[in-house]
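Here the protein sequences line up with chains A and B, keeping their order.
First residue of the first sequence? That's 6 in our numbering, and the numbers climb one at a time after it.
First residue of the second sequence? That's 87 in our numbering, and the numbers climb one at a time after it.
Glycine included, each C-beta is placed from N, C-alpha and C at the ideal position.
Here the structure is a predicted model, which means the values were calculated and not measured.
Structure, as structure tokens:
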Amino acid sequence: MSVFNRAGQGPLDYHRRLWLRLYVGLTFLVIYAPIITLVVFSFNDSRRNIVWRGFTTKYYWKAWNNDSLIEAFINSLTIATISTAISTILGTMVALLLWRFRFPFKSTYEGLMALPIVVPEICMGVAMLAFFSRVTGFPTNWIWPFNLSAITVAHIAFSFPFVAIVVRSRLAGFNRELEEASKDLGASEWQTFWKVIFPFMKPGVIAGALLAFTLSLDDFVVTFFTSGPDTLTFPVKVYSMVRFSVTPEVNAASTVLVVITILLTIVAMRFQSPEKIATG
Amino acid sequence: MSEPIISIRNVTKTFGPVTAVNDVSFDIQANEFFALLGPSGCGKTTLLRMIAGFSKPSAGQILIDGQDMVEVPPNKRPVNMVFQSYAVFPHMSVEQNVAYGLQVVGTPAAEITTRVANALERVGLDDLRTRMPDQLSGGQRQRVALARALVKQPKVLLLDEPLSALDAKLREQMQLELSQLQQDVGVTFIIVTHDQDEALSMADRIAVMQEGNVDQIAGPGALYENPANRFVADFIGKVNLFDGRVSGAQAGKLSVETAVLGKVHLNYDGEAQHQVSLAVRPEKIRISKTKPDVEGHITLGGRITDWAYYGDCSHMFVETQNATRIGVVIQNTTRDAVDALDIGDDVHLFWSPDDMLVLNN
């Protein structure tokens, strides 16, 4: 083996090779340089985003005091919370159904379930727009938060399949004898679910919920098509601000969104870590 | 004999076109250590699962303590099971695992504490009560599964291949412990196994199954020395089989014509079909380098072709003139036994006709 590898280097120790390190470094640079620039320029003491003129946090204060931006932010959080709650329950139920039961056209159903993941978002957005405009009497001018219901329904539609997939893959590792053992020891179907099956699924459910939350919080395309004239979400509001000028205020607002998304993703990944699955 | 604790009556189970259990009937007595033995796919696990309630018979009745159980769900049956994978709940500590079966039926907390402590002590896990299952060895996890089932004080404990996942040394130790435990707690044990040693060493009675049928139910000794048919003889232990044709039968005597042994006269008062198999266990055969001077024995000449030394005994194959291989086991009762015989030696085999079995195919 020493013919092919330098000393102390196993056949799969690619991370020690210089060219591979450079390649990985370049990839990370391409992915993260724009985001880092965005974050850095949110602290730029200038009305324009082009030249660095010194450090300031005033644009964070400005964004904080921008009422319509804050309203959009609260809208986004509200939509994300409601759609996460519903899509988590729905997605978990779908996962259980697919895991537990055999029924005719199961594979067709499974395929249809995953469709929202593969359908281009723009198609989904247009379809949702057409749908909500045809459904007569669907509330667009109700009081908050019911004016957000169209967006929320749309978000549930595209995020619950993600929950279903995450929970389903978690359940695939479940030992059915655990369920039988529980019943054998005298537990009812209901007790078995809550005391044995659910604790096993929980990391998957939490990971799925965080994924749904992030998807909803970030979503622009579907939201753009389903938001009414008076309802703005955070990404849509940022977009409309950019149309006038890209100010550090936009950067500041975006930075907050990036931070929230990253934090939630880290938590989600922790819940899905291999050790968690292995011990289950 | 008292009322049987379990009564299997004409139980059949089919999965589509496959018949897993075919019209099986037998009784199991209280406090018995009963084994269901057979090769994989013989229906033994299916039968056990029907007793536990995880699977419903296609036809027939299963009575536990005199009550028909076919419509009773598993959580309402007075039986508990130790699963092949042990199925210890991974998110609960040892103690919580054992307490689970009592908590779900609403046993008072004080009673749970004492019963769990007793059960853990019984299986020798009292020091590990706060451990999580991933911190336990396979043997310890099995003890958790045992304690968890026994704490429910079942009328019958079902064990599905309980020792198959353990290494050889631990398996031997657990065999002894299970027998001891069964005597201590006085609960009926039903064990499913494909391992004849396990069944022979632990069980009071063994049901040998093949393709959904029970071929024979007997104690270990009777099963080994008086197998009901060719399958049982071949499955339990090793055996040399000789096909033969009945040439004469009268008042307790049987004459069988075989290709290898010639005409054999036996004491036999059972039924004999036209075609039979004669069988002799390898350890019943004696071996000698000189022609033995024995009256009325079956004798056979041959040459040793294979030899395996096991310390306490040696296994060998002897090939006869007409190329039949006969397995022989000799006990190495003296230290020089290892040098006495070798591959290529011409030997004489002989055994008493009383050690021969007549098997209907």
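DSSP bridge partner residues for C128/A (one or two, in chain order): In the DSSP output, where bridge partners are listed per residue, C128/A has none listed.
Under 8 Å by Cβ, that's how I've got K370/B and N353/B pegged, so tell me the actual separation to the nearest angstrom. Not a contact, Cβ separation roughly 15 Å.
Alpha carbon to alpha carbon, what distance is there between L435/B and Q417/B? 15 Å
Range covered by the beta strand (DSSP E) that runs through A417/B: Here the sequence assigns Gln to residue 417/B, which means Ala is not the residue at that position. Per DSSP, Q417/B belongs to the beta strand (DSSP E) from R411 to Q417.
Is the region 241-260 of chain A in contact with the region 201-209 of chain A, if contact means three or more CB pairs nearer than 8 Å? no
Residues of chain B with CB under 9 Å from V172/A, in chain order? None at all; the shortest Cβ gap to chain B is about 16 Å.
Between which two residues does the alpha helix (DSSP H) holding R175/A run? S154 to L176
Counting only Cβ pairs nearer than 7 Å, list the residues of chain B close to P204/A. H177
Amino acids of chain A, ordered along the chain, whose beta-carbon sits closer than 7 Å to that of V191/B: G191
Under 7 Å Cβ to Cβ from Q189/B, same chain only, skipping five residues before and after it: list those, please. I198
Note the first and the last residue of the continuous alpha helix (DSSP H) segment covering A186/A. R181 to D189
Looking at chain B, is there any beta carbon in it that lies within less than 8 Å of the beta carbon of V247/A? no
Could you tell me the alpha carbon to alpha carbon distance between G210/B and V184/B, rounded to whole angstroms? 13 Å
Check whether chain A comes within 8 Å of R95/B, counting only Cβ atoms and requiring the distance to be less than that. no
Rounded to a whole number of angstroms, what is the C-alpha to C-alpha distance between V202/B and R291/B? 31 Å
What is the C-beta distance between V294/B and V362/B, in whole angstroms, given that I count them as a contact (C-beta under 8 Å)? Rounded, the Cβ-Cβ distance is 19 Å, inconsistent with contact.
Between L25/A and L31/A, what straight-line distance do the alpha-carbon atoms span, to the nearest angstrom? 10 Å
Can you give me the C-alpha to C-alpha distance between P109/A and V107/B, rounded to a whole angstrom? 28 Å
Out of S223/B, A138/B, D425/B and Q228/B, which has the shortest C-alpha to C-alpha gap to N400/B? Sequence inspection shows Ser at residue 400/B; the Asn mentioned does not correspond to that position. For the residues S223/B, A138/B, D425/B and Q228/B, the minimum Cα distance to S400/B belongs to D425/B.
Along chain B, which residues have their Cβ under 9 Å away from the Cβ of A135/A? Here the premise fails: no neighbours, minimum Cβ distance about 46 Å.
For H160/A, count neighbouring C-beta atoms within 10 Å of its own C-beta (all shown protein chains included) and say buried if the count is 16 or more, exposed if not. buried
Could you check whether the Cβ of T284/A sits closer than 8 Å to any Cβ belonging to chain B? Residue placement at T284/A is poorly supported in this model, since its pLDDT is 43, which falls under 50; the coordinates still yield a value, given next. Yes, its Cβ sits closer than 8 Å to a Cβ of chain B.
Are the beta-carbon atoms of T98/B and P143/B separated by less than 8 Å? yes
What does N166/B reach in chain A if we use C-beta pairs closer than 8 Å? D189 and L190
Run down chain A in chain order and give the residues with a C-beta less than 8 Å from the C-beta of Y354/B. Those within 8 Å of Y354/B in chain A number zero; the least Cβ separation is about 47 Å.
Close-in-space but distant-in-sequence residues of the same chain around V8/A (CB under 8 Å, 5 per side omitted): Note that V8/A scores 48 on pLDDT, short of 50, meaning its location in the model is unreliable; the coordinates nonetheless yield the value given after this. Same-chain partners within the cutoff: there are none.
Inter-stretch contact (C-beta, 8 Å, three-pair minimum) for the region 313-327 of chain B and the region 279-291 of chain B: yes
Throw me the rounded Cβ distance for the S164/A and L220/A pair, which I believe falls under 8 Å. 5 Å
S232/A versus I156/A: straight-line alpha-carbon distance, rounded: 6 Å
Between D301/B, P306/B and R316/B, which has its C-alpha nearest N446/B's C-alpha? R316/B
Taking the beta carbon of K130/B as the centre, do at least 16 other beta carbons fall within 10 Å, making it buried, or is it exposed? buried
Of all the alpha helix (DSSP H) runs that stay within the bounds of the region 380-446 of chain B, which reach a length of 4 or more residues? 423-426
Cross-strand partners of T98/B (DSSP beta bridge): A145/B
Nearest to T391/B by CA position, among F403/B, A195/B and E381/B, is which residue? F403/B
Going by beta-carbon coordinates alone, are K241/B and I91/B separated by less than 8 Å? yes
Using a Cβ-Cβ cutoff of less than 8 Å, which residues in the same chain neighbour E357/B once the five nearest sequence positions on both sides are dropped? N446
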